[in-house]
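A.B. asks: Numbering of the sequence shown is given in the working numbering, commencing with residue 431 and proceeding in unit increments. All residues carry an ideal CB built from backbone N, CA and C; glycine is no exception. All figures in this text were calculated on a predicted structure; none of them were measured in a lab.
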Amino acid sequence: MILKDKTAIVTGAASGIGKNIAETYAKAGAKVAIADLNKDAAEATAREIDPSGAAAMAVEMNVIDEDQVNAGVATVVEAWGSADILVSNAGIQIVHPLHEFPYKEWQRLLSIHLDGAFLTTKACLPHMYNSGRGGSIIYMGSVHSKEASVLKAPYVTAKHGLIGLAKVVAKEGAAHGVRANVICPGFVRTPLVDKQIPEQAAELGITEDEVIKNVMLKETVDGEFTTTQDVADAALFFAGFGSNALTGQSLVVSHGWFME
Ligand code: NAD
Numbered sequence: 431m432i433l434k435d436k437t438a439i440v441t442g443a444a445s446g447i448g449k450n451i452a453e454t455y456a457k458a459g460a461k462v463a464i465a466d467l468n469k470d471a472a473e474a475t476a477r478e479i480d481p482s483g484a485a486a487m488a489v490e491m492n493v494i495d496e497d498q499v500n501a502g503v504a505t506v507v508e509a510w511g512s513a514d515i516l517v518s519n520a521g522i523q524i525v526h527p528l529h530e531f532p533y534k535e536w537q538r539l540l541s542i543h544l545d546g547a548f549l550t551t552k553a554c555l556p557h558m559y560n561s562g563r564g565g566s567i568i569y570m571g572s573v574h575s576k577e578a579s580v581l582k583a584p585y586v587t588a589k590h591g592l593i594g595l596a597k598v599v600a601k602e603g604a605a606h607g608v609r610a611n612v613i614c615p616g617f618v619r620t621p622l623v624d625k626q627i628p629e630q631a632a633e634l635g636i637t638e639d640e641v642i643k644n645v646m647l648k649e650t651v652d653g654e655f656t657t658t659q660d661v662a663d664a665a666l667f668f669a670g671f672g673s674n675a676l677t678g679q680s681l682v683v684s685h686g687w688f689m690e
């Protein structure tokens with residue numbers, strides 16, 4: 431129960447990685463807010479975690495809508511008294527070759543990943559600073575925070591950018607006991623990845639099986655997908671770490687696809 435008496439806001443927590451992080455935090459004793467664009471799925475996830483509603487709440491939040499972000503964070507603090515942990519996880523993927531990438535799609539992807547991280551961080555920091563309890567902010571990066579792949583220009587750009595943001599938060603937050611770190615997963619079988627498999631097969635002119643074996647998992651040490659639980663375990667470690675010794679860092683969880 432290393433997160434007993436802590437409150438956590440996890441964006442994009444109605445699905446995939448974020449959902450498993452919320453479940454893992456709840457098991458570790460935290461109260462968790464499921465902040466997601468998809469209100470129905472967020473409510474269903476909150477009910478699954480705690481049907482009584484005492485330890486889990488759904489918050490409808492589009493992470494690029496400043497008013498909705500501020501209102502969502504305020505709701506959590508009003509209900510539970512603090513916002514100790516923020517996991518900025520909401521994200522999307524869009525694949526095209528760079529020379530054909532529609533500008534609107536480039537902007538949309540950068541906005542959800544980077545503006546979303548900025549707005550949720552900005553909304554949580556004053557509460558973390560004023561509470562005297564400090565806080566832990568975790569950004570969902572990717573191996574694409576360190577490496578590039580074809581067809582993913584805005585995603586690679588945004589995921590690299592999150593490392594810069596985490597380093598600034600680490601420096602500004604240190605005096606208040608606020609830490610910031612990035613988790614960089616390899617491929618995880620979630621709806622986000624399932625959608626990419628046929629898209630990449632079409633773009634690259636290969637089969638879906640070849641996309642998995644020869645593109646997604648080719649560089650891993652064992653040909654295995656990373657799991658949502660692998661990523662949630664790393665998120666628990668960062669959230670539960672109790673000092674500024676571990677801040678401004680990024681941790682790759684990818685079956686050795688990328689080695690520092
Ligand atoms: P997912 O599609 O399963 O879940 C994403 C969630 O984010 C959904 O519930 C969706 O409703 C929500 N969301 C999307 N846009 C939003 C917005 N504007 N505001 C609020 N919520 C929004 O995806 P996932 O695979 O669990 O991905 C979660 C994060 O992990 C993303 O940042 C992704 O880039 C990152 N990531 C995923 C993988 C992978 O292989 N799946 C690998 C590395 C990093």
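Roughly how many whole angstroms lie between the Cα atoms of T656 and E640?
C.D. replies: If you number the sequence shown from 1, residue 656 lands on position 226. If you number the sequence shown from 1, residue 640 lands on position 210. Near 18 Å, if we compare the C-alpha coordinates of E640 and T656.
A.B. asks: By Cβ distance, which residues of its chain are closer than 6 Å to H543, with the 5 residues on each side in sequence left out?
C.D. replies: Position 113 of the sequence shown, counted from the first residue, corresponds to residue 543. Excluding positions up to five away in sequence, the list reads G521 and A588.
A.B. asks: Out of D497, L595, A443 and R609, point me to the one whose CA is closest to A675's CA.
C.D. replies: Start at 1 with the first residue of the sequence shown, and residue 675 comes out as number 245. Closest option to A675, Cα to Cα, is R609.
A.B. asks: Is the region 590 to 609 touching the region 666 to 675 in the sense that three or more CB pairs, one from each, lie closer than 8 Å?
C.D. replies: In short, these stretches touch, since the Cβ pair count reaches three.
A.B. asks: With C-beta atoms as the reference, is K461 less than 8 Å away from T437?
C.D. replies: Counting from one through the sequence shown, the residue named residue 461 turns up at place 31. Counting from one through the sequence shown, the residue named residue 437 turns up at place 7. Their beta carbons are under 8 Å apart, which means K461 touches T437 by this criterion.
A.B. asks: Who does D466 pair with in a DSSP beta bridge?
C.D. replies: Within the sequence shown, the letter at position 36 stands for residue 466. The partner list for D466 (beta bridge, DSSP) reads E490.
A.B. asks: Applying the 10 Å Cβ sphere with the 16-neighbour rule, what's the burial state of K576?
C.D. replies: Residue mapping note: residue 576 aligns to position 146 of the sequence shown, counting from 1. So K576 ends up on the buried side.
A.B. asks: When you compare only the Cα positions, how much space is there between E490 and S518?
C.D. replies: Within the sequence shown, numbered from 1, the residue matching residue 490 stands at position 60. Within the sequence shown, numbered from 1, the residue matching residue 518 stands at position 88. Straight-line Cα distance between these residues: approximately 15 Å.
A.B. asks: I'd like to know whether the C-beta atoms of D514 and G565 end up nearer to each other than 8 Å.
C.D. replies: As a first step, residue 514 must be located in the sequence shown, where it is residue number 84. As a first step, residue 565 must be located in the sequence shown, where it is residue number 135. Going by C-beta atoms, D514 is nearer than 8 Å to G565.
A.B. asks: Tell me whether the beta-carbon of V525 lies closer than 8 Å to the beta-carbon of E633.
C.D. replies: Taking the first residue of the sequence shown as position 1, residue 525 is located at position 95. Taking the first residue of the sequence shown as position 1, residue 633 is located at position 203. Cβ atoms of V525 and E633: closer than 8 Å.
A.B. asks: Starting from the Cα of G446, find the closest Cα among I432, D435 and A472 and give me that residue.
C.D. replies: Within the sequence shown, the letter at position 16 stands for residue 446. Residue A472 is the option with its Cα nearest to G446.
A.B. asks: Shorter than 8 Å from the beta carbon of V506 to some beta carbon of chain E?
C.D. replies: Going by chain labels, chain E is absent from the structure shown, which holds only one protein chain.
A.B. asks: Relative to the C-alpha of N611, which residue among V645, L666, A488 and R538 is closest?
C.D. replies: Position 181 of the sequence shown holds residue 611. That would be L666, whose Cα lies nearest to the Cα of N611.
A.B. asks: Is N560 near the ligand NAD, with its Cβ less than 7 Å from a heavy atom?
C.D. replies: Here residue 560 refers to the residue found at position 130 when the sequence shown is read from its first residue. Checking the Cβ of N560 against the ligand NAD gives no.
A.B. asks: According to DSSP, which residues form a beta bridge with A438?
C.D. replies: Along the sequence shown, one-based indexing puts residue 438 at 8. According to DSSP, A438 bridges with V462 and I515.
A.B. asks: Go ahead and pull the three-state DSSP assignment for Q523.
C.D. replies: Numbered from its first residue, the sequence shown carries residue 523 at position 93. Q523 falls in the coil class under three-state DSSP.
A.B. asks: With 16 other CB atoms within 10 Å as the buried threshold, where does S684 fall?
C.D. replies: Here residue 684 is taken as the residue at index 254 of the sequence shown, counted from 1. Flag for S684 reads buried.
A.B. asks: Is D466 near the ligand NAD, judged by its Cβ being under 7 Å from some heavy atom?
C.D. replies: Residue 466 sits at position 36 when you count from the first residue of the sequence shown. Yes.
A.B. asks: Measuring CA to CA, which of E629, A452 and H529 is closest to A691?
C.D. replies: Any question about residue 691 goes unanswered here, given that the chain covers just 431 to 690.
A.B. asks: Tell me whether Y533 is buried or exposed, calling it buried when 16 or more other Cβ atoms sit within 10 Å of its Cβ.
C.D. replies: Taking the sequence shown and counting its residues from 1, the one referred to as residue 533 is at position 103. It is exposed - the Cβ of Y533 has fewer than 16 other Cβ atoms within 10 Å.
A.B. asks: Taking only the alpha-carbon atoms, compute the straight-line gap between A596 and E478 and give it to the nearest angstrom.
C.D. replies: One-based indexing of the sequence shown puts residue 596 at position 166. One-based indexing of the sequence shown puts residue 478 at position 48. Near 31 Å, if we compare the C-alpha coordinates of E478 and A596.
A.B. asks: For I567, which three-state DSSP category applies?
C.D. replies: Within the sequence shown, numbered from 1, the residue matching residue 567 stands at position 137. Looking at I567 - three-state DSSP - the assignment turns out to be strand.
A.B. asks: Taking the C-alpha atoms as reference points, what is the distance between A463 and N450?
C.D. replies: The count along the sequence shown starts at 1 and reaches residue 463 at position 33. The count along the sequence shown starts at 1 and reaches residue 450 at position 20. Straight-line Cα distance between these residues: approximately 13 Å.
A.B. asks: Could you tell me which of N560, A583 and D497 sits nearest to L539, measuring between CA atoms?
C.D. replies: For the purposes of this step, residue 539 is taken as the residue at position 109 of the sequence shown. When only C-alpha atoms are compared, the closest one is A583.
A.B. asks: Among V645, A662 and T637, which one has its Cα closest to the Cα of C614?
C.D. replies: Indexing the sequence shown from 1 puts residue 614 at position 184. Nearest option by C-alpha distance: A662.
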